[in-house]
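Just so we're aligned, residue 613 is where the sequence shown starts under my numbering, counting upward by one.
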Amino acid sequence: MRRVMRIRWYQSDRNPHDAVAGSRQLEKSSVFEVKKMAVEKRLAFSIVQFLRDQTHCGALNSDEQESLEVAIQCLETTFKISSSDCHLAVPQPLTEIFLNSLLKNDNLTLPESSPSPEDIERAEQLKNEGNNHMKEENYRCAVECYTKAIDLDLRNAVYYCNRAAAHSKLGNYTEATGDCERAIGIDPSYSKAYGRMGLALTAMSKYPEAITFFKKALVLDPENDTYKSNLKIAEQKQKEATSPIAAGLGFDMASLINNPAFISMAASVMQNQQVQQLMSGMMSNAVGGPAAGVGGLSDISSLIEAGQQFAQQIQQQNPELIEQLRNHIRSRSFSGSAEEHS
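Here it is as structure tokens:
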């Protein structure tokens with residue numbers, strides 16, 4: 613009883629203004645924590661961009677590149693960020709921010725962050741060389757040229773955007789989205805960077821995100837027919853992705869059966885004796901027609917069984933070709949394939 617009275621006395625003696633002040637302090641603390649988390653995400657995003665740039669510099673061996681890619685994946689998982697989070701991008705590369713901080717705080721004599729006229733001229737030459745390689749479909753050489761141009765002029769959004777196009781042609785869609793992020797960070801009004809981001813995201817089957825970027829591109833360039841066409845394609849693919857049949861196939865069957873590599877592989881699979889027996893049995897049932905009674909059900913079962921057997925044979929014989937065909941179909945599905953480079 614005495615203990616209860618002490619508690620009541622303590623509560624009644626407290627100043628109500630103190631409680632309000634404490635509540636406000638707690639609210640401010642919560643807002644600070646939210647802002648801090650947002651800053652940490654942007655910092656992590658910049659670090660990931662820096663690491664991606666290092667993988668393109670050409671100075672690392674395969675083991676070192678793999679280590680950086682693992683580090684990128686760990687950072688993205690830890691901070692819950694992805695290459696499509698372009699709202700986290702900052703205008704300046706992390707290296708520039710670091711150098712500017714050193715200049716300001718340590719009074720060090722460092723080279724100017726802006727490239728010299730000679731570097732700008734050489735970077736433009738390298739960009740043009742990269743564009744020529746793109747026309748000749750030498751996409752790896754194009755990536756090298758654009759990377760060298762970036763090394764000379766870090767602030768040119770065009771170089772990143774062009775390299776994104778080259779990466780997309782090679783099927784390196786993650787690298788392509790990373791370059792588009794950097795281009796948008798440097799120049800948020802650069803419509804082509806949004807358009808190419810949309811293409812890469814569509815190829816990665818990230819249709820809602822792709823639609824968002826195509827719409828942003830159209831806001832900046834409303835009369836661009838390429839963006840309009842690619843937006844319709846992404847919207848259509850999003851609808852198809854919700855279909856159980858489309859989700860099961862994972863790709864456009866009409867495009868696939870017209871592919872010469874697929875036809876050659878299918879012909880090889882059809883030599884399999886089990887597949888031939890299944891197909892022969894289906895044909896026999898079909899000839900029997902209505903007289904086969906409930907044979908229609910067995911026809912459907914045989915068709916499903918044959919399809920499963922066919923798919924297994926293809927997967928076992930050449931799984932790499934299936935993935936190549938998917939990438940080929942995706943990359944050829946967009947009107948952006950004929951897009952001019954800056």
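Every residue, glycine too, gets a C-beta built ideally from N, C-alpha and C.
Span separating the alpha-carbon of residue i from that of residue j
| i | j | result |
| --- | --- | --- |
| V831 | Y839 | 10 angstroms |
| T814 | A822 | 6 angstroms |
| G797 | C698 | 8 angstroms |
| N767 | P727 | The question names Asn, but residue 767 in the sequence shown is Arg. Approximately 9 angstroms, taken between the alpha carbons. |
| Q850 | M809 | 16 angstroms |
| L672 | M649 | 32 angstroms |
| D763 | K844 | 36 angstroms |
| S817 | Q848 | 12 angstroms |
| Y772 | K760 | 11 angstroms |
| K804 | E676 | 32 angstroms |
| S954 | V770 | 7 angstroms |
| D731 | K827 | 35 angstroms |
| N750 | L687 | 32 angstroms |
| E611 | T667 | The chain is shown only over 613 to 954; residue 611 falls outside these bounds and no answer can be derived. |
| N836 | K692 | 34 angstroms |
| T789 | L782 | 13 angstroms |
| Q685 | S679 | 10 angstroms |
| N719 | L706 | Residue confidence is low: N719 scores 47 on pLDDT, short of 50, so the model does not pin down where it sits. Its coordinate-derived value is still stated next. Rounded to the nearest angstrom, the two C-alpha atoms are 19 angstroms apart. |
| E756 | A829 | 27 angstroms |
| I709 | L655 | 11 angstroms |
| P729 | E852 | 50 angstroms |
| M746 | R752 | 9 angstroms |
| R794 | S780 | 15 angstroms |
| A846 | Y802 | 20 angstroms |
| E741 | V651 | 39 angstroms |
| N842 | E736 | 29 angstroms |
| E748 | S674 | 27 angstroms |
Bounding residues of the alpha helix (DSSP H) (the contiguous stretch that carries residue i)
| i | result |
| --- | --- |
| P834 | Looking at the DSSP string, P834 is not in any alpha helix (DSSP H), and its letter there is neither H nor E. |
| M816 | Segment: none, M816 is in no alpha helix (DSSP H) and carries neither H nor E. |
| P729 | 729-747 |
| G790 | 785-798 |
| K760 | 751-764 |
| V702 | Here V702 belongs to no alpha helix (DSSP H), and DSSP marks it neither H nor E. |
| L687 | 674-691 |
| N774 | 769-781 |
Option in the options with minimal Cα separation from residue i
| i | options | result |
| --- | --- | --- |
| F657 | N740, T690, L672 | T690 |
| A778 | Y758, I796, I845, A795 | Y758 |
| D765 | E652, G790, R734, K781 | R734 |
| C792 | D731, S694, I845 | S694 |
| Y806 | F825, S954, R794 | F825 |
| P820 | R664, S696, K781 | S696 |
| N743 | R664, S817, A812, R775 | R775 |
| A683 | A701, R664, A812, L700 | R664 |
| I659 | V702, Q677, Y785 | V702 |
| Y785 | S674, L811, D837 | L811 |
| P800 | A754, V755, D833 | D833 |
| L700 | K653, A795, E787 | K653 |
| F662 | E787, E756, E852 | E787 |
| K739 | K747, L655, V651, A754 | A754 |
The ligand MG heavy atom lying under 8 angstroms from the CB of residue i
| i | result |
| --- | --- |
| L672 | The ligand MG is absent from the structure shown, which contains no ligands of any kind. |
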